[in-house]
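S.K.: Structure incoming, see below.
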Amino acid sequence: MDTTHIRDGVIAAIQAVAPELEADQLRADRALRDQVDLDSMDWLNVILGLHERFGLDIPESDYARLTTLDAIVTYLDGRLR
Amino acid sequence: MLEFTLPSLGADMDEGKLVQWQVAPGQPVKKGDVVAVVDTTKAAVDVEIWFDGTVHQLLTEVGETVPVGAVMALLLAPGEAAPPPDAAPRPAAKTGAAAAPAAAVAPVRAATPTTAPTSRQRVSPAARQRALELGVDLARIAGSGIDRAVTREDVDRAAAGRAAPAPAERAVEMRKAIAAAMSRSKREIPHYYLSEPVPMRRALDWLRVANADRPVTARLLPAVLLLKAVALALRDYPEMNGLYVDGRFSASPAAHIGVAISLRQGGLVAPALHDVGSKPLDALMRELADLVRRCRAGSLRSSEMADPTITVTNLGDQGVQSVLGVIYPPQVALVGFGRIAEMPWVDQGRLSAMPMLSASLSADHRVSDGHRGGLFLARLREQLQRPEEL
């Protein structure tokens, strides 16, 4: 299944918090927080952005799985099915 | 007649440039209303008024840079009648001659690219309105109208042609301002530093349960627990919470905690969350989120910039294990938190893994000693073992 729209939504949610991020420079398989300067408030805002875009309440207990862009897309894809 | 002067917006700020008036002559204002937007080296700040009255005359022009203490506007006190026009107040008031003490604080400004005085600049009312709408700095526009008056077209041209408002220049100015404040701190304040490991299992467990019941929009961050715990601990240690001015310390009855927030483009600000000790966690979380958002958007209020009574820095969020901070004068203490990470923990001879947090205190020997500082940190540690009280 095509997950492009999920990927675009995730990148948009991150860019809303970190406008300096250039999408083509983000390595999708590497830890997000090593590549983007996100503190805990920023991260909460990313989660809120995903909540607004996809209508999903992401519990804190799932944060540990959301390490890379790929992982977030896979997670959301699973939840949205 | 009441005078509205540019308030101090922190120890590292000695002047501001008027970006916008939010009021007009004849308009009534109440204490706490935002009357002007002033650009500082750190951010554009919404400046609030601290008395009730009716705006009589605006003395500072948009684009003008004035020192802290300069009279920017005159207001009629409630019930006061407007004076006849010939009794109009002396325009000399606006040069801020009365502001000598403030100006004396920081002669560090030699390299500042001061805005050319705009008092003689002619601006058409339409252009002024347009500049306000577009957020264009009139002082930087060369007029093409009669007598070099700035026209509406000039403003449009300037707005179209301008790049982002020189972030590099602001970064340089902010770095200078931070350096000046921190140099003053290290010169004047005899710091002492303490740190204490804090077990965080109870606080994190409590938070996990609390957040499980909350929608994502109301979720709490550990930072909010830490801020509240600091405020409660300060009640027993007032000598950490207040301002040292003119050789004298005065403790503050409430904990207005300056929260160090790093800006994405570099630099940092530490605006205040007011009266942290008396607010429930949900309210604090909302206020903290709002503060961070407005910091990043550059719309802080003058009361937030001016009056923190202690600062908390939560540098651990980005990964350091501990932080020993520099006190922000005229405050007398700074609490620093490192990262929360699992560490070996021995309890009654048994080894286990425990989420630990390093809490540090930088405090001022003119006001307190390490003994009291240590007791304060112990009180803070114990408070975090009772998260349900927060």
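If you read the protein sequences in the order shown, they are chains A and B. Take 5 as the starting number for the first sequence in the working numbering and just add one per residue. Take 103 as the starting number for the second sequence in the working numbering and just add one per residue. Even glycine gets a Cβ: it sits at the ideal position worked out from N, Cα and C.
1) Suppose you measure from the CA of Arg37/A to the CA of Arg31/A; what does that come to, to the nearest Å?
2) Can you tell me whether Leu161/B is helix, strand or coil according to DSSP?
3) Please name the residue, chosen from Pro186/B, Glu255/B, Val300/B, that lies closest to Pro446/B on a Cα-to-Cα basis.
4) Buried or exposed, going by whether 16 or more other CB atoms sit within 10 Å of the CB of Ser462/B?
5) Determine, for Ile51/A, whether the minimum Cβ-Cβ distance to residues of chain B falls below 7 Å.
6) Pop quiz: Glu150/B and Ser404/B are said to be a contact at Cβ under 8 Å. What is the actual Cβ separation, rounded to whole angstroms?
7) Measuring only the C-alpha atoms, how far is Thr216/B from Ala126/B?
8) Alpha carbon to alpha carbon, what distance is there between Leu306/B and Ala312/B?
9) Assess contact between the segment 370 to 386 of chain B and the segment 338 to 351 of chain B, defined as three or more Cβ pairs (one per stretch) separated by less than 8 Å. Is contact present?
10) Thr33/A and Asp74/A: beta carbons closer than 7 Å?
11) Out of Asp239/B, Arg441/B, Arg304/B, Ser454/B, which one is the CA nearest neighbour of Glu484/B?
12) Alpha carbons only, please: which of Gly476/B, Tyr430/B, Ala172/B, Asp239/B is nearest the one belonging to Leu336/B?
13) Please name the residues in the segment 358 to 387 of chain B whose beta-carbon is closer than 9 Å to at least one beta-carbon of chain A, in chain order.
14) Would a check of beta-carbon distances place Asp315/B closer than 7 Å to chain A?
15) Compare the C-alpha of Thr128/B against each of Ala179/B, Val225/B, Asn416/B, Asp239/B and name the closest.
16) Using 8 Å for Cβ pairs, my map puts Asp239/B next to Gly118/B. What's the rounded Cβ distance?
17) May I ask you to list, following chain order, the residues of the segment 15 to 37 of chain A that have a beta carbon less than 8 Å from some beta carbon of chain B?
18) What are the start and end residues of the beta strand (DSSP E) that includes Lys119/B?
19) For Tyr339/B, which three-state DSSP category applies?
20) CB-CB under 8 Å to Ala184/B, same chain, minus the five flanking residues each way: which ones, in chain order?
21) Under three-state DSSP, which class holds Thr197/B?
22) Hey, is Val394/B's beta-carbon within less than 7 Å of any beta-carbon in chain A?
23) So for Glu105/B, helix, strand or coil by DSSP?
24) By the DSSP assignment, the beta strand (DSSP E) with Tyr79/A in it spans what residues?
25) So, Val371/B versus Ile363/B, is the Cβ gap smaller than 7 Å?
26) Does the separation of the CB atoms of Pro457/B and Met302/B fall below 7 Å?
27) Pick out the complete alpha helix (DSSP H) segments inside the segment 422 to 491 of chain B, 4 residues or longer, and give them in chain order.
28) Spell out whether any CB of chain A is found under 7 Å from the CB atom of Val318/B.
29) Grouping DSSP H, G and I as helix and E and B as strand, with all else coil, what is His293/B?
30) Could you list which residues in chain B have their beta carbon closer than 9 Å to that of Asp66/A, in chain order?
31) Distance check for Met387/B and Val326/B, CA to CA, integer angstroms please.
32) Which residue marks the beginning of the beta strand (DSSP E) containing Ile412/B, and which one marks its end?
33) Find out if the Cβ-Cβ distance for the pair Val170/B, Leu108/B is shorter than 7 Å.
34) If the criterion is Cβ atoms closer than 7 Å, does the pair Ser493/B and Ser352/B meet it?
35) Please say whether Leu417/B and Val428/B have beta carbons closer to each other than 7 Å?
36) For Arg85/A, which option in Gly59/A, Thr72/A, Asp46/A has the closest C-alpha, if you only look at C-alpha atoms?
M.R.: Once the coordinates are examined:
1) For the purposes of this step, residue 37/A is taken as residue 33 along the first sequence, with counting starting at 1. For the purposes of this step, residue 31/A is taken as residue 27 along the first sequence, with counting starting at 1. Answer to the nearest angstrom: the Cα atoms are 11 Å apart.
2) Taking the second sequence and counting its residues from 1, one reaches residue 161/B at position 59. Three-state result, Leu161/B: coil.
3) Numbered from its first residue, the second sequence carries residue 446/B at position 344. Residue Val300/B is the option with its Cα nearest to Pro446/B.
4) Position 360 of the second sequence, counted from the first residue, corresponds to residue 462/B. It is buried - the Cβ of Ser462/B has at least 16 other Cβ atoms within 10 Å.
5) The count along the first sequence starts at 1 and reaches residue 51/A at position 47. Taking Cβ atoms only, chain B reaches closer than 7 Å to Ile51/A, which makes this a yes.
6) One-based indexing of the second sequence puts residue 150/B at position 48. One-based indexing of the second sequence puts residue 404/B at position 302. Sure, about 5 Å apart at Cβ, within 8 Å.
7) Locating residue 216/B in the second sequence gives position 114, where the first residue counts as 1. Locating residue 126/B in the second sequence gives position 24, where the first residue counts as 1. Residue confidence for Thr216/B is low, a pLDDT of 35 falling below 50, so the modelled location carries little weight and cannot support an answer.
8) Here residue 312/B refers to the residue found at position 210 when the second sequence is read from its first residue. Here residue 306/B refers to the residue found at position 204 when the second sequence is read from its first residue. If you take the alpha carbons of Ala312/B and Leu306/B, they lie about 10 Å apart.
9) no
10) Looking up residue 33/A in the first sequence gives position 29. Looking up residue 74/A in the first sequence gives position 70. The sequence as given places Asp at residue 33/A; Thr does not occur at that position. Against a cut-off of 7 Å, the Cβ pair of Asp74/A and Asp33/A comes out as a contact.
11) What you label residue 484/B is simply residue 382 of the second sequence in a count that begins at 1. When each option's Cα is compared against that of Glu484/B, the closest is Arg304/B.
12) The residue you call residue 336/B lines up with position 234 of the second sequence. Answer by Cα proximity: Gly476/B.
13) Ile363, Ser364, Arg366, Gln367
14) Counting from one through the second sequence, the residue named residue 315/B turns up at place 213. With 7 Å as the cut-off, Asp315/B does not count as an interface residue toward chain A.
15) The count along the second sequence starts at 1 and reaches residue 128/B at position 26. Before going on, a small fix: residue 128/B reads as Gly here, not Thr. The shortest Cα separation from Gly128/B among Ala179/B, Val225/B, Asn416/B, Asp239/B belongs to Ala179/B.
16) Within the second sequence, residue 239/B is the residue found at index 137, counting from 1. Within the second sequence, residue 118/B is the residue found at index 16, counting from 1. Contact flag wrong, Cβ pair sits at about 13 Å.
17) Ala22, Pro23, Glu24
18) Against the second sequence, residue 119/B aligns to sequence position 17. Where Lys119/B is concerned, the enclosing beta strand (DSSP E) stretches over 117 to 123.
19) For the purposes of this step, residue 339/B is taken as residue 237 along the second sequence, with counting starting at 1. Tyr339/B: coil per DSSP, three-state reduction.
20) The residue you call residue 184/B lines up with position 82 of the second sequence. Hits under 8 Å: His158, Leu178.
21) Here residue 197/B corresponds to residue number 95 of the second sequence, with the count starting at 1. Reliability of the predicted coordinates at Thr197/B is poor, the pLDDT of 43 falling under 50, and no value is obtained from them.
22) Your numbering for residue 394/B matches position 292 in the second sequence. At least one chain A Cβ lies under 7 Å of Val394/B.
23) As a working mapping, residue 105/B is identified with position 3 in the second sequence. Glu105/B: strand per DSSP, three-state reduction.
24) Here the question's residue 79/A lines up with position 75 in the first sequence. No beta strand (DSSP E) holds Tyr79/A; the alpha helix (DSSP H) holding it covers 73 to 84.
25) Here residue 371/B is taken as the residue at index 269 of the second sequence, counted from 1. Here residue 363/B is taken as the residue at index 261 of the second sequence, counted from 1. Yes, Cβ-Cβ distance for Val371/B and Ile363/B is below 7 Å.
26) Taking the first residue of the second sequence as position 1, residue 457/B is located at position 355. Taking the first residue of the second sequence as position 1, residue 302/B is located at position 200. Cβ distance < 7 Å, so Pro457/B and Met302/B count as in contact.
27) 472 to 486
28) Against the second sequence, residue 318/B aligns to sequence position 216. So yes, Val318/B belongs to the interface.
29) Mapped onto the second sequence, residue 293/B falls at position 191. His293/B falls in the strand class under three-state DSSP.
30) Reading the first sequence from its first residue, position 62 is the one you call residue 66/A. Within 9 Å Cβ-Cβ: nothing; Asp66/A doesn't reach chain B, min ~11 Å.
31) Here the question's residue 326/B lines up with position 224 in the second sequence. Here the question's residue 387/B lines up with position 285 in the second sequence. Computed Cα separation, rounded: 6 Å.
32) For the purposes of this step, residue 412/B is taken as residue 310 along the second sequence, with counting starting at 1. Residues 412 to 415.
33) Here residue 170/B refers to the residue found at position 68 when the second sequence is read from its first residue. Here residue 108/B refers to the residue found at position 6 when the second sequence is read from its first residue. Contact: yes.
34) Residue 493/B cannot be examined here, being either before or after the span of chain B that is shown, 103 to 492.
35) Numbered from its first residue, the second sequence carries residue 428/B at position 326. Numbered from its first residue, the second sequence carries residue 417/B at position 315. No. Outside cutoff.
36) Reading the first sequence from its first residue, position 81 is the one you call residue 85/A. Minimum Cα distance to Arg85/A is reached at Gly59/A.
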